[in-house]
Ligand SMILES: NC(=O)c1ccc[n+]([C@@H]2O[C@H](COP(=O)([O-])OP(=O)(O)OC[C@H]3O[C@@H](n4cnc5c(N)ncnc54)[C@H](OP(=O)(O)O)[C@@H]3O)[C@@H](O)[C@H]2O)c1
Ligand SMILES: NC(=O)c1ccc[n+]([C@@H]2O[C@H](COP(=O)([O-])OP(=O)(O)OC[C@H]3O[C@@H](n4cnc5c(N)ncnc54)[C@H](OP(=O)(O)O)[C@@H]3O)[C@@H](O)[C@H]2O)c1
């Protein structure tokens, strides 16, 4: 697919995978809106894109603020035209320990990872449906497949947005708006600093290339790397006692 | 399973499945904490979801929750084997971590411990993809997800310390697809 003249909104574009996607899509000719909270990092990346001859706009905003998200989408449209592609990528990760669940921390995570995604979709969907085309992409995780040790909140958030997008996919059939769910394994970014075991970990660039390919093919779902994706899929089929035994002995969070 | 010396906390016990579970477990002799949203004690005014109202402590059990408690009393009085069965109505909003904790504490003060949590409180809503309302989605997630988290958080430390307990969540077949 020709990304030239396409207008893309990437959330969580100040770091890691989101930043990588923004830079790569701009390199391929898209006009990119980069959204995150840290404006200095956004400005750096926008400069980097523009110096290379690309088109980019920094959109400092917090995804948990529905009004700010609407305003950011409006600004992007005014600058570059109607939005063709949303990549809802902003996300955080925390360890969840028992028995002292820290509800505030969990609420905060659900707010960013789930409500943040809902706000992002809500800010662009009306326009996409009206124009009869568009593409919604969410960065979920292989952690959405099953509950993982010490990851209750993170897994819940990723399962929630995956189901949310799946339901939207059905509702949006025939509207011209496509829906893609990305399920990455481990990618070398600041997000995973508190994870101690990271099998089949990938560099950001490697992950970005795979995600862009899946987006261009308008895949409905894409899990990678294939090794960890196969394990995750197999785990989904295991009976509960067997899954629990294996999961407890293979905790990624130590 | 012998329910007769168990203490069970049921959230969303004022209606539907939660109410049904309460009636059945009472028949089996379980001691119950029945939780649902309360009404302001001065007046049975409609409770809006605003944080200001939620933080107000002067909440009492709603009429429909008290109706469930009454029905249990009538059944146990009419001489079933439940005998010494006891029920406590708890006014709390599962979206408010503090109010759930307070309710769980009151139940523990009264009955000594909580053996089983049934996290059942939940709401449903139809989401129209093309008219996506983020506030509506947030409201559903707040009750269904954070409500369960808050309920677990309110009972788990004691269960782990005691070395026994049971957590039950009402999910839905919708989660499978
Ligand atoms: N790394 C992995 O192994 C891995 C695996 C599977 C899935 N994922 C998913 O991939 C996505 C990106 O993660 P990453 O690894 O690239 O992490 P990262 O480098 O930490 O980047 C996270 C991005 O999200 C943004 N963000 C966080 N909270 C925000 C908020 N409230 N409002 C707006 N932006 C916010 C951050 O920007 P600001 O702090 O500047 O706002 C940052 O740009 C996440 O959804 C993550 O769950 C990552
Ligand atoms: N019915 C079904 O077909 C079905 C299928 C699958 C799963 N489920 C699940 O089963 C559970 C119970 O559903 P139901 O069908 O019995 O529904 P229901 O009759 O509407 O009962 C919902 C209960 O949740 C309570 N509740 C709602 N919001 C609350 C809040 N913020 N704080 C405290 N309590 C709250 C309500 O009490 P107050 O309004 O008095 O507070 C009520 O007692 C839900 O989790 C639902 O998702 C139901």
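Chains as they are written, first to last, in our numbering: chain A, 4 to 257; chain B, 507 to 683. For each residue, glycine too, the CB sits at the ideal point set by N, CA and C.
- Query: Where do the ends of the beta strand (DSSP E) carrying residue 227 of chain A lie?
  - Reply: 224 to 227
- Item | Sequence ranges, alpha helix (DSSP H) only - wholly within the segment 631 to 682 of chain B, length at least 4 | 640 to 647, 653 to 668
- Please name the residue, chosen from A/223, A/104, A/48, A/76, that lies closest to residue 11 of chain A on a Cα-to-Cα basis. A/76
- Is the segment 138 to 146 of chain A touching the segment 182 to 195 of chain A, taking contact as three or more C-beta pairs under 8 Å? yes
- Message: By the three-class DSSP mapping on this structure, what secondary structure does residue 546 of chain B have?
- Response: strand
- Message: Just to make sure I have the definition right: I need the residues of chain A whose C-beta is within less than 7 Å of the C-beta of residue 646 of chain B. Which are they?
- Response: By Cβ distance, chain A contributes nothing, its closest Cβ being about 10 Å from residue 646 of chain B, past 7 Å.
- Message: Can you confirm whether the segment 54 to 73 of chain A touches the segment 38 to 46 of chain A when touching is taken to mean that 3 or more C-beta pairs between the two stretches lie within less than 8 Å?
- Response: yes
- Message: Spatial neighbours of residue 221 of chain A within its chain, please: C-beta separation below 6 Å, excluding the five flanking residues on both sides.
- Response: 181
- Looking only at C-alpha atoms, which of B/507, B/638, B/514, B/582 sits nearest to residue 657 of chain B? B/514
- Item | Member of B/666, B/660, B/527, B/655 whose CA lies at the smallest distance from the CA of residue 112 of chain A | B/655
- Query: Under the three-state reduction of DSSP, which class applies to residue 553 of chain B: helix, strand or coil?
  - Reply: A caution first: residue 553 of chain B carries a pLDDT of 47, below 50, which makes its placement in the model too unreliable to give a value.
- Which residues in chain A sit within 9 Å of residue 469 of chain B, going by Cβ to Cβ distance? Because chain B here runs from 507 to 683, residue 469 of chain B falls outside it and cannot be looked at.
- Does the beta carbon of residue 165 of chain A fall short of 7 Å from some heavy atom of ligand 1? no
- Say whether chain A places a C-beta atom closer than 8 Å to the C-beta of residue 652 of chain B. yes
- Should residue 196 of chain A go down as buried or exposed, given a rule of 16 or more other Cβ atoms within 10 Å for buried? exposed
- Message: Can you check which of these residues, B/625, B/628, B/636, is closest to residue 124 of chain A by C-alpha distance?
- Response: B/636
- Message: Determine, for residue 174 of chain A, whether the minimum Cβ-Cβ distance to residues of chain B falls below 8 Å.
- Response: yes
- Taking Cβ positions only, does residue 561 of chain B come closer than 8 Å to chain A? With a pLDDT of only 40 at residue 561 of chain B, under the threshold of 50, the placement of this residue in the model should not be trusted, and no figure is reported.
- Does the Cβ of residue 101 of chain A have 16 or more other Cβ atoms within 10 Å, making it buried, or fewer, making it exposed? exposed
- Message: Distance check for residue 117 of chain A and residue 198 of chain A, CA to CA, integer angstroms please.
- Response: 21 Å
- Message: I believe residue 577 of chain B touches residue 537 of chain B by the beta-carbon criterion, under 8 Å. Please report the beta-carbon distance rounded to the nearest angstrom.
- Response: Incorrect: roughly 16 Å between the Cβ atoms, too far for contact.
- Query: Can you find a C-beta in chain B that's less than 8 Å from the C-beta of residue 106 of chain A?
  - Reply: yes
- Measuring from the CB of residue 669 of chain B, is there a heavy atom of ligand 1 at a distance below 7 Å? no
- Task: Name, please, each residue of chain A whose Cβ falls closer than 9 Å to the Cβ of residue 662 of chain B.
- Result: 101, 102, 103, 104
- Query: Any beta-carbon of chain B closer than 8 Å to the one on residue 141 of chain A?
  - Reply: no
- Could you tell me whether the segment 165 to 175 of chain A touches the segment 202 to 221 of chain A, using the rule of 3 or more Cβ pairs below 8 Å? no
- Which ranges would you report for the beta strand (DSSP E) in the segment 106 to 148 of chain A if only whole runs of at least 3 residues count? 137 to 142
- If you count every other CB in all the chains shown that lies within 10 Å of the CB of residue 106 of chain A, and 16 or more means buried, which is it? buried
- Query: Between the segment 86 to 96 of chain A and the segment 220 to 235 of chain A, do three or more beta carbon pairs fall short of 8 Å?
  - Reply: no
- Query: Near residue 192 of chain A, which residues of its chain fall below 8 Å by C-beta distance, leaving aside the five closest residues on each side in sequence?
  - Reply: 18, 19, 20, 207
- Query: Whose C-alpha, out of B/569, B/568, B/593, is nearest the C-alpha of residue 580 of chain B?
  - Reply: B/593
- Task: Determine, using beta-carbon pairs with one atom in the segment 606 to 623 of chain B and one in the segment 664 to 680 of chain B, whether at least three such pairs fall under 8 Å.
- Result: yes
- Query: For residue 119 of chain A, which residues from the same chain have a beta carbon less than 6 Å from its beta carbon, with the 5 sequence-adjacent residues on both sides left out?
  - Reply: 66, 67, 93
- Quick one: measure Cβ to Cβ for residue 595 of chain B and residue 571 of chain B, integer angstroms, because I've assumed they're closer than 8 Å. 5 Å
- For the putative contact between residue 26 of chain A and residue 48 of chain A, defined by C-beta atoms under 8 Å, what is the C-beta separation to the nearest angstrom? 7 Å
- Let me know if residue 131 of chain A comes out buried or exposed under the rule of 16 or more other beta-carbons within 10 Å of its beta-carbon. buried
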